[in-house]
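Numbering (this note's numbering), first residue to last: 8 to 239.
Idealized CB from N, CA, C, for every residue including glycine.
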Amino acid sequence: LFVVNAGQNNICSWTVWKERLEPVLNLNPDYIVLMIGTNDLRAMYNKLWSWHLIQMWGLPEVPSLDIFQHHLHCILTQILKKRPKVKQIGVCTLPPMGEDLIHHPANQIIRDTNKIIRKVVTELNGDRVTILPVFEKLEEEIGRFHHVESKKSTPISVDYFVPMAAWMDVAHCMLGISWNALGRCSGNVVLSDSLHLNERGGDIVAQIVTEWLIEKGKLSPIPKKYKVVKRD
């Protein structure tokens with residue numbers, strides 16, 4: 008299995024559509040996993056973040072849910088029409104922005120966007136595009152953890168992710184502290200700085216993608232004699 012990671016920090020759906028998609032398609036992939044939209048939503052949620060992303064990528068317009076829906080539809084349509092040999096596209100629902108899933112307004116935007124993602128995939132009405140339930144599995148893991156621990160810590164808001172990301176990068180790269188441990192410092196289960204996934208969250212996404220590839224016939228099921236070990 009040959010894998011190319013074409014992801015990039017801070018990238019928005021417009022840049023994926025206009026600048027990144029064609030080089031990826033030129034690699035003639037058989038399977039594509041698409042997780043895009045979190046930075047569009049950051050721009051919708053916070054005006055300063057919006058200004059920064061517009062300046063960084065030269066975005067022609069301020070991100071909105073309608074614009075994101077249009078970009079996502081164009082990305083998927085371009086793949087389907089220009090690369091008929093792509094066997095499957097897995098479209099991820101977006102991870103939470105912070106782990107306050109009920110009260111924080113950022114996660115209401117996430118839920119609204121995930122509805123749009125499902126709508127776009129449904130409207131394409133094809134057997135080559137599949138939803139990968141990333142948000143739902145992460146939500147399940149957050150709930151399971153708090154149930155097992157019999158207590159609920161208060162996660163730090165995504166509003167503070169920029170300074171948190173800065174010191175966590177130093178702690179991880181210079182001191183070797185795991186993203187899971189740094190996430191625990193912030194009251195998080197599957198996130199580190201309340202925006203990016205930690206090892207536990209990344210492992211969940213990897214499991215979702217692996218099961219999808221097995222279902223679609225790309226990978227063989229993992230033999231029962233091998234045990235999948237979760238990182239703490």
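{"query": "Per-residue burial, ASN33 [other beta carbons within 10 Å of its own, 16 or more giving buried]", "result": "exposed"}
{"query": "Any non-hydrogen atom of the ligand HEM closer than 6 Å to CYS19 Cβ", "result": "Looking for the ligand HEM in the displayed structure turns up nothing, as the structure carries no ligands at all."}
{"query": "Per-residue DSSP class, three states only, for GLN62", "result": "helix"}
{"query": "7 Å Cβ cutoff met for ASN195 and GLU106", "result": "yes"}
{"query": "3 or more residues per run - each beta strand (DSSP E) lying fully within the segment 106-166", "result": "136-139"}
{"query": "Coarse secondary structure for GLN85, derived from DSSP in three states", "result": "helix"}
{"query": "Assigned exposure category for THR100 - 16 Cβ within 10 Å defines buried", "result": "buried"}
{"query": "Three-state secondary structure (DSSP) of CYS99", "result": "strand"}
{"query": "LEU79 (DSSP reduced to helix, strand or coil)", "result": "helix"}
{"query": "Sequence-distant residues of the same chain with beta carbon closer than 7 Å to THR217, five excluded per side", "result": "LEU226"}
{"query": "Residues bridged to LEU198 [DSSP beta-bridge criterion]", "result": "LEU204"}
{"query": "Classification of GLN62 by the beta-carbon crowding that lies within 10 angstroms, buried from 16 upward", "result": "exposed"}
{"query": "C-alpha distance - GLY183 paired with HIS111, whole-angstrom precision", "result": "31 Å"}
{"query": "Beta-bridge partners of LEU41, as assigned by DSSP", "result": "VAL98"}
{"query": "Residues near ASN114 in its chain [Cβ-Cβ closer than 8 Å; skip 5 each side]", "result": "PRO103, MET104, GLY105, ASP107 and LEU108"}
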